[in-house]
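Please read the structure below before turning to the comments.
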Amino acid sequence: MRSRTARIAALAVLALLGVAWLIPAVLHGRGADLREAPVLLVGPDVVAQPLAVAAGSLPGRPLDVGVAATEADARAAVSGGDVVGALVLDLRATQDDVLVRDGLHPQVRARAVAGARAVEARYGRSIEVSEVPGRAVPDGAALTAAAAAVAAAYLLVAVMSMLWGPVPRTLLRGLVRIAAVGVLAGLVAAVALVAPDLRPPTDADRAPVAAAALLALLAFGAGLATLAWEALLRLHGLALAGLLLMVLPAPLLIAGHEALLGPVAAAVVRQTGIGAATAALAGLSSAEDHALLVPLVILVGNVVLALAVLVLCRAAAIRDAAAGREPEVARGTAPAQWRFRVLVGLVAVLAVATPVLMLTPTADPTPMGMASLAASTTCAETGRLETTEDLNRLTSLRDSPEFQGGDVGAEIMLQDGRTVWMFGDTLRQAGAGTMLVRNSMLVVGEDCLQVVLPEGGGAVIPDRGEVGYWPMSLTATSYPGYDLVTVFAQRVRTTGTGPFGFANVGPAVATYLVPVGGTPQLLEVRDLGVDDPDTTRPMWGAASVVDGGWLYAYGTARPPDPELGTGFSLHVARVRPEDVGDLQRWRYWDGAGWTRAADDAATLIGSEDGVSQTLSVFERDGTWYAFSKRDEVFGSDLVFWTSPSPTGPFTAQPAVAELPSDAATGQLRYMPLAHPELLPEPGSVLVSYSRNSTDLGEVMRDPLLYRPRFLRVPLPQP
């Protein structure tokens with residue numbers, strides 16, 4: 005009685021373990037969410053990297069993003085089943101191509117496409133889905149075939165046990181059972197060879213044979229494992245074999261694909277026969293060496309281990325007989341009672357498995373929405389812009405409620421002839437979104453001015469909590485069909501009221517993708533260094549220019565607690581345009597060469613009689629010009645400093661104009677910037693300056709007072 009109670013208790017424990025393992029899979033539902041499914045991005049690193057970061061921040065991390073060098077490489081990886089999909093960027097337009105394999109599990113396909121669509125929508129882009137002919141066995145067919153092979157092997161051993169008893173009494177009978185499992189494996193291979201779903205379109209003629217051999221190996225290993233567990237533990241062994249062979253991989257059978265499993269379930273399932281065989285079938289067409297090797301080792305290891313257990317059990321029976329002890333195989337239950345127990349066990353398994361596998365609902369997937377960075381524009385007619393007067397007329401237009409006034413006014417010309425303008429603190433009409441934002445963007449083309457308005461109506465470079473971004477300078481790198489615009493900005497934290505109630509805490513760089521004729525879309529914003537109000541640290545990007553494949557970023561700094569009217573010193577660093585967001589790749593001019601140490605940056609212009617915090621640097625006819633208002637906002641002279649190279653030495657030239665602020669009236673005139681690409685004329689350059697007032701109420705009543713003005717100044721001859 006005690007032995008029977010112990011057996012029942014052991015079976016109950018096994019049943020509870022199986023149920024406990026199945027409960028999370030059932031509660032999770034059938035194929036709800038992806039878990040780090042491998043996908044590829046094809047496109048320039050400077051664009052692909054922000055998209056990869058965005059994909060990695062999707063809720064639940066559904067995608068694990070890698071980069072492919074070419075579309076051909078991505079297609080090969082998708083076709084071979086190495087990845088679930090690939091996103092091929094077409095930066096000449098706003099629609100990209102998502103590649104998926106034609107045999108991909110439908111839920112995996114749906115969730116991967118949804119993730120790609122969410123990432124693309126963040127940047128105002130859309131997708132078109134294209135199917136790639138698969139070289140791998142279709143996911144559903146592979147899983148079904150593997151599960152059927154294991155179930156057939158287990159049922160065969162259970163039937164043999166019912167007919168012939170739990171354990172063979174002689175070596176010959178044991179070999180007959182092994183041979184029967186081998187025959188079943190051969191039948192599995194034969195069926196696999198003729199099954200159309202297991203014949204992937206491939207150039208390798210041996211692929212169907214290899215798939216059949218893998219399924220035969222799986223069936224043979226499952227049958228031998230069941231025989232081995234039965235030889236060790238009899239009825240408990242049969243139950244344990246069922247638990248290991250069919251219950252452990254049940255989450256995979258419920259979900260339908262490993263990418264739809266949680267991390268623990270996925271790790272366990274990979275070690276089971278069904279999981280290993282499914283991975284091996286997918287690995288037949290993979291370009292990765294380990295894709296087939298690891299699951300093949302598991303399948304072969306199962307066979308070897310099961311055979312070793314059977315041999316050891318037979319050896320133990322022989323030793324018992326030689327010692328005059330009744331062999332374990334001779335003891336046991338009457339045949340009728342044994343058959344009844346096995347039959348009850350099989351019926352119980354079927355009674356549980358059928359509703360679990362057939363009735364588990366498809367769960368609601370986690371929404372993949374992301375905060376949008378997309379922007380849109382509307383056109384305000386401007387008329388022809390051919391003179392300085394035309395530009396000043398443009399600054400008096402009131403047709404754009406989203407842009408009533410702003411300072412800075414840095415610009416860069418695109419390959420399609422349009423000009424991108426960036427402004428600092430921007431006023432908007434009531435009802436046009438937030439009335440004051442830290443920055444804004446205009447695109448000016450022929451007869452058309454467009455305000456670039458982000459979704460939600462905020463700043464085009466979004467605030468980071470209490471920190472906003474004031475643009476300083478722009479560069480553009482042209483590619484076929486699009487430009488990448490780099491905007492240097494200073495990070496600003498409000499410290500009080502009034503026009504000087506702020507602290508500059510460091511530079512940042514924002515990257516925009518601008519298709520030819522299209523709307524600029526923000527790709528990413530990177531802060532350069534930690535927040536630090538130290539004014540002795542150069543504010544890199546106060547001016548910037550691309551020359552000879554290098555982006556030269558000029559930084560301005562000045563001593564702490566300077567006297568009123570003290571200017572800024574000028575320094576220079578350089579970096580490849582595509583690496584501008586990586587400070588490890590920056591190099592700093594120390595007066596003799598380029599160094600990694602920012603603290604060693606040489607002073608090109610001193611802070612005494614120095615430049616404004618934001619300025620312009622450009623090259624014309626072999627001469628480099630730095631243009632600024634000497635001694636910042638409370639100075640008066642507009643000055644060019646000239647140099648034979650971007651690294652100096654820079655020499656101050658006589659003032660070309662005066663631009664004083666008026667402390668008595670509170671009128672501020674500051675931040676003059678040169679626009680060498682705008683309406684160019686020999687011997688002169690067009691410049692602008694910002695206007696403001698210490699009386700914010702006056703500016704709010706008439707925002708035109710808070711717009712740049714243009715004038716033309718002569719270029720000094722070095």
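Quick note, the sequence shown lines up with residues 5 to 722 if you use the working numbering. Ideal Cβ placement from N, Cα and C applies to all residues, glycine included. Bear in mind that the values here come from a model prediction, so they are computed numbers and not experimental data.
Would you say V4 and V43 are within 8 Å of each other, going by their C-beta atoms? What is shown of the chain runs 5 to 722, which leaves residue 4 out entirely.
Residue range of the beta strand (DSSP E) that L135 falls in? Reading the sequence as shown, one finds Glu at residue 135 and not Leu. From DSSP, the beta strand (DSSP E) with E135 extends over 130 to 136.
Use the C-beta contact count for D536: other C-beta atoms within 10 angstroms, 16 or more gives buried, fewer gives exposed. Flag for D536 reads exposed.
Specify the secondary structure class of G89 as computed by DSSP and reduced to three states. Strand.
Ends of the beta strand (DSSP E) at H575? Under the DSSP assignment, H575 falls in the beta strand (DSSP E) whose first and last residues are 573 to 579.
Would you give the residue range spanned by the alpha helix (DSSP H) that T148 belongs to? For T148, the enclosing alpha helix (DSSP H) starts and ends at 143 to 168.
CA-to-CA distance, M426 to E390, given in whole angstroms: Their Cα atoms are separated by approximately 21 Å.
Rounded separation between E450 and P712 - CA only: Going from the Cα of E450 to the Cα of P712 covers about 20 Å.
Return the chain-ordered list of same chain residues with a C-beta closer than 8 Å to the C-beta of Y556, the five sequence neighbours on each side being excluded. The residues are S548, V549, V550, V576, A577, R578, V621, P650.
Rounded to whole angstroms, what is the Cα-Cα separation between A375 and A512? Between A375 and A512, the alpha-carbon positions lie close to 20 Å from each other.
Which residue from A80, P267, R96 puts its Cα closest to that of V518? Cα-wise, what sits closest to V518 is R96.
Is Y710 near D467, with beta carbons less than 8 Å apart? Cβ atoms of Y710 and D467: not closer than 8 Å.
Coil, strand or helix - L488 by DSSP: Note: L488 maps to strand in three-state DSSP.
Specify the secondary structure class of S548 as computed by DSSP and reduced to three states. Strand, per DSSP.
Environment of H439 [buried if 16+ CB atoms lie within 10 Å]: Here the sequence assigns Met to residue 439, which means His is not the residue at that position. Sixteen is the threshold: since fewer than 16 other Cβ atoms of the shown chains lie within 10 Å of the Cβ of M439, the residue is exposed.
Can you tell me the Cβ-Cβ gap for Q617 and P720, rounded? I've got them flagged as a contact below 8 Å. Going by Cβ atoms, the distance from Q617 to P720 rounds to 23 Å, so no, they are not a contact pair.
Name the two residues that bound the continuous alpha helix (DSSP H) containing R705. Segment 700 to 705, the alpha helix (DSSP H) holding R705.
Hey, R580 and G559: beta-carbon distance below 8 Å or not? The Cβ atoms of R580 and G559 lie no closer than 8 Å to each other.
Residue range of the beta strand (DSSP E) that Q525 falls in? For Q525, the enclosing beta strand (DSSP E) starts and ends at 525 to 531.
Pairing CB atoms from the stretch 219 to 236 with CB atoms from the stretch 186 to 193, are three or more of them under 8 Å? Yes: the two stretches touch, three or more of their Cβ pairs being nearer than 8 Å.
What's the C-alpha gap between Y629 and L682? Y629 and L682: Cα-Cα distance of roughly 16 Å.
Suppose contacts are defined by Cβ-Cβ distances below 8 Å. Is V447 in contact with A379 by that definition? Between V447 and A379, the C-beta gap is not smaller than 8 Å, which leaves the two residues out of contact.
Same chain, Cβ closer than 8 Å to A145, five either side skipped, listed in chain order: Excluding its 5 nearest sequence neighbours in each direction, A145 has C-beta neighbours in its own chain below 8 Å: G107, A199, D201, L202, listed in chain order.
Since R115 is in the beta strand (DSSP E), which residue starts that stretch and which ends it? For R115, there is no enclosing beta strand (DSSP E); the residue is part of the alpha helix (DSSP H) that begins and ends at 110 to 126.
Decide if the stretch 581 to 591 is in contact with the stretch 639 to 647; the criterion is three or more beta carbon pairs, one per stretch, under 8 Å apart. Under the 8 Å Cβ criterion, the stretch 581 to 591 does not count as touching the stretch 639 to 647, having fewer than three qualifying pairs.
Using the beta-carbon count (16 or more within 10 Å), is L532 buried or exposed? Label assigned to L532: buried.
Less than 8 Å separating the beta-carbons of A215 and V192? For A215 and V192, no; Cβs fall outside 8 Å.
Taking three-plus beta-carbon pairs below 8 Å as touching, is the stretch 381 to 389 in contact with the stretch 130 to 138? Below 8 Å, too few C-beta pairs join the stretch 381 to 389 and the stretch 130 to 138 to call them touching: fewer than three.
Just to confirm my understanding: we take A667, look at its own chain, exclude 5 residues before and 5 after, and list those with CB closer than 8 Å. What are they? So the qualifying residues of the chain are F638.
Cutoff 6 Å; reference V471; Cβ partners in own chain excluding five residues on either side: Same-chain partners within the cutoff: R495, R497.
Within the same chain, show all residues whose beta-carbon is closer than 6 Å to that of T381, passing over the 5 residues directly before and after it, in chain order. Excluding sequence neighbours, T381 sits near Q454, V456, T523.
Of the residues T539, R541, T423, the one placed nearest V489, counting alpha carbons only: Minimum Cα distance to V489 is reached at T423.
To which residues of the same chain is A151 closer than 7 Å at the C-beta, ignoring the five residues directly before and after it? So the list reads L257, I278, once near-sequence residues are dropped.
Going by alpha carbons, who is nearest to L377 out of R121, A90, A125, R113? Selected option, being the one with the closest Cα: A125.
Do V104 and A122 have their C-beta atoms closer together than 8 Å? No, these two residues do not count as a Cβ contact at 8 Å.
Using 10 angstroms around the beta-carbon of D49, count the other beta-carbons present and answer buried if the total reaches 16, otherwise exposed. Classification for D49: exposed.
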